[in-house]
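S.K.: Per my numbering, the sequence shown starts with residue 4, numbered consecutively.
This structure is in structure tokens; I'll ask about it shortly.
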Amino acid sequence: MSHVQTAQGAAVKRPKKRSAFSNRKVDRAYYWMVVPAAVIFGLFLYVPFIQGVAYSFTNSQGFGDYKWIGFKNYVALFSDDRVGHAYLFTFLIAIAITILINVIAMFLAVALNSNLWFKNGFRAIYFIPYTLGVLVIGYVFKYIFMTPLPALGRALNISWLSESLLTSEHYAWVPIVFLAVWQGIAYSTLIYLAGLQTIDGEIYEAASIDGVNGWQRFSKITFPLIGPFFTINLVLTMKNALGTFDQVVALTNGGPDSKTETVTYLIYTGGLTGGEYAYQTANAVLFFIVLAIIAFVQLKFFGNKEKI
Numbered sequence: 004m005s006h007v008q009t010a011q012g013a014a015v016k017r018p019k020k021r022s023a024f025s026n027r028k029v030d031r032a033y034y035w036m037v038v039p040a041a042v043i044f045g046l047f048l049y050v051p052f053i054q055g056v057a058y059s060f061t062n063s064q065g066f067g068d069y070k071w072i073g074f075k076n077y078v079a080l081f082s083d084d085r086v087g088h089a090y091l092f093t094f095l096i097a098i099a100i101t102i103l104i105n106v107i108a109m110f111l112a113v114a115l116n117s118n119l120w121f122k123n124g125f126r127a128i129y130f131i132p133y134t135l136g137v138l139v140i141g142y143v144f145k146y147i148f149m150t151p152l153p154a155l156g157r158a159l160n161i162s163w164l165s166e167s168l169l170t171s172e173h174y175a176w177v178p179i180v181f182l183a184v185w186q187g188i189a190y191s192t193l194i195y196l197a198g199l200q201t202i203d204g205e206i207y208e209a210a211s212i213d214g215v216n217g218w219q220r221f222s223k224i225t226f227p228l229i230g231p232f233f234t235i236n237l238v239l240t241m242k243n244a245l246g247t248f249d250q251v252v253a254l255t256n257g258g259p260d261s262k263t264e265t266v267t268y269l270i271y272t273g274g275l276t277g278g279e280y281a282y283q284t285a286n287a288v289l290f291f292i293v294l295a296i297i298a299f300v301q302l303k304f305f306g307n308k309e310k311i
């Protein structure tokens with residue numbers, strides 16, 4: 004009996020195989036899970052990205068022969084007025100979308116986290132827009148902005164609303180921002196609600212005993228304690244807003260007179276249908292670098308301000 008126990012103990016205490024790249028004890032099961040995922044991830048993400056970077060140094064039109072032209076595509080991007088306008092328009096609507104989504108989502112999350120009647124039902128209702136396809140809802144909103152809304156503007160004698168906003172050079176951005184905010188609020192509200200669930204209710208009870216009002220409760224307790232959720236929400240909403248594409252396709256197709264072209268829309272139309280494959284590939288690489296820098300600055304700036 005004692006020999007059996009000794010053998011079992013030795014089997015249990017046998018050291019696990021060590022990694023060839025470190026001294027840590029590892030289990031083979033981790034390799035079986037991680038390696039295939041890493042191979043698939045690299046095959047479908049990094050290989051096309053590297054190929055895209057290579058094409059950005061050519062004059063390829065997406066088919067046929069091509070030759071290397073160095074940095075000419077990148078130099079031409081900085082002197083292209085259409086590209087410059089697309090970047091400026093994208094940044095402006097991205098800032099507006101990010102601010103509106105985070106302000107409204109935080110307000111809704113705080114309200115839905117209180118002792119409202121039917122609050123679980125309200126949470127489900129607010130999340131519905133996120134489950135709907137942007138293109139489908141975009142075409143619905145296109146009809147609203149083209150027909151009922153101008154009719155309402157004429158009935159109320161509001162001059163800027165009497166014509167469709169989608170055909171206005173000055174206000175065509177409004178429907179795009181409206182649609183992006185309408186659909187983006189749901190996901191951000193969900194993240195803020197998750198953050199609010201991490202706050203201990205005893206903190207609010209202690210604050211109530213000290214006599215704090217509603218604004219002090221939010222500004223001194225709630226907002227600092229959900230700081231990490233605010234940071235990740237800000238980064239995600241800004242990233243999604245900078246990639247605005249579906250809303251433009253559904254509402255304006257970049258018009259009128261290319262006034263609502265975003266960078267992603269310009270890359271898509273110019274690269275796939277405009278014969279500018281290599282040129283817009285260079286634009287995509289440049290846009291990737293810009294997005295990475297913005298995300299890094301956001302995480303660094305707001306991460307340093309988090310209280311927890």
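Backbone N, C-alpha and C fix where the C-beta goes; we use that ideal spot for every residue, glycine too.
Using 8 Å as the threshold, is the C-beta distance between Asn116 and Leu239 below it?
M.R.: The answer is no: Cβ separation not under 8 Å.
S.K.: Please report the Cβ distance between Ile104 and Gly187, rounded to the nearest whole angstrom; I am assuming they are in contact, meaning their Cβ atoms lie under 8 Å.
M.R.: Contact holds; Cβ gap of about 5 Å.
S.K.: Please give me, in chain order, every unbroken run of the alpha helix (DSSP H) with length at least 4 that falls completely inside the stretch 71 to 117.
M.R.: Qualifying alpha helix (DSSP H) stretches, in chain order: 75 to 80, 84 to 115.
S.K.: Output the boundary residues of the alpha helix (DSSP H) element that contains Gly121.
M.R.: Rather than Gly, the amino acid found at residue 121 in this sequence is Phe. Element bounds for Phe121: n/a, residue is neither H nor E.
S.K.: Assign Glu205 to buried or exposed, taking buried as 16 or more other Cβ atoms, counted over all protein chains shown, within 10 Å of its Cβ.
M.R.: It counts as exposed.
S.K.: Using DSSP with H/G/I as helix, E/B as strand and the rest coil, what is Lys28?
M.R.: Note: Lys28 maps to strand in three-state DSSP.
S.K.: Name, in chain order, the residues that DSSP records as bridge partners for Thr61.
M.R.: Thr61 is bridged to Trp71.
S.K.: Let me make sure I understand the geometry here. Which of Phe148, Lys28, Glu172, Phe60 has the alpha-carbon closest to that of Ile72?
M.R.: Checking every option, the nearest Cα to that of Ile72 belongs to Phe60.
S.K.: If you follow the alpha helix (DSSP H) that Tyr174 is in, where does it begin and where does it stop?
M.R.: Per DSSP, Tyr174 belongs to no alpha helix (DSSP H) and is neither H nor E.
S.K.: Apply the 10 Å Cβ neighbour rule to Pro178 and answer buried if 16 or more other Cβ atoms are within range, or exposed otherwise.
M.R.: Buried: at least 16 other Cβ atoms inside 10 Å.
S.K.: Note the first and the last residue of the continuous alpha helix (DSSP H) segment covering Gly204.
M.R.: 204 to 213 is the span of the alpha helix (DSSP H), which, as asked, contains Gly204.
S.K.: Spatial neighbours of Ala112 within its chain, please: CB distance less than 7 Å, with the 5 preceding and 5 following residues excluded, ordered by chain position.
M.R.: So the list reads Thr192, Tyr195, Leu196, Leu199, once near-sequence residues are dropped.
S.K.: Once you ignore the five residues that flank Thr276 on each side, which residues in its own chain have a CB closer than 6 Å to its CB?
M.R.: Correct list: empty, nothing qualifies.
S.K.: Sort Ile107, Phe130, Val184, Val38 by Cα distance to Leu245 and report the nearest one.
M.R.: Taking only the C-alpha atoms, the option nearest Leu245 is Val184.
S.K.: Please identify the residue among Tyr280, Asn286, Gly141 whose C-alpha is closest to the C-alpha of Phe248.
M.R.: For Phe248, the nearest C-alpha among the options comes from Gly141.
S.K.: Determine the burial state of Pro51: buried for a count of at least 16 other Cβ atoms within 10 Å of its Cβ, exposed for fewer.
M.R.: With fewer than 16 Cβ atoms within 10 Å of its Cβ, Pro51 is classed as exposed.
S.K.: What residue range does the alpha helix (DSSP H) around Arg157 cover?
M.R.: 151 to 158 is the span of the alpha helix (DSSP H), which, as asked, contains Arg157.
S.K.: Return helix, strand or coil for Asp249, following the three-state DSSP convention.
M.R.: In the structure shown, Asp249 sits in a helix (DSSP, three-state: H, G or I).
S.K.: Could you name each continuous alpha helix (DSSP H) segment of 4 residues or more that falls completely within the stretch 239 to 307, going from the start of the chain to the end?
M.R.: The qualifying runs are 249 to 254, 266 to 275.
S.K.: Count the CB pairs spanning the stretch 272 to 290 and the stretch 216 to 225 that are closer than 8 Å, and state whether there are at least three.
M.R.: Result no; under three Cβ-Cβ pairs closer than 8 Å.
S.K.: In chain order, what residues of the same chain lie with their CB nearer than 6 Å to the CB of Leu168, ignoring the 5 residues before and after it?
M.R.: Closer than 6 Å at Cβ, skipping near neighbours: Phe148, Tyr174, Val177, Pro178.
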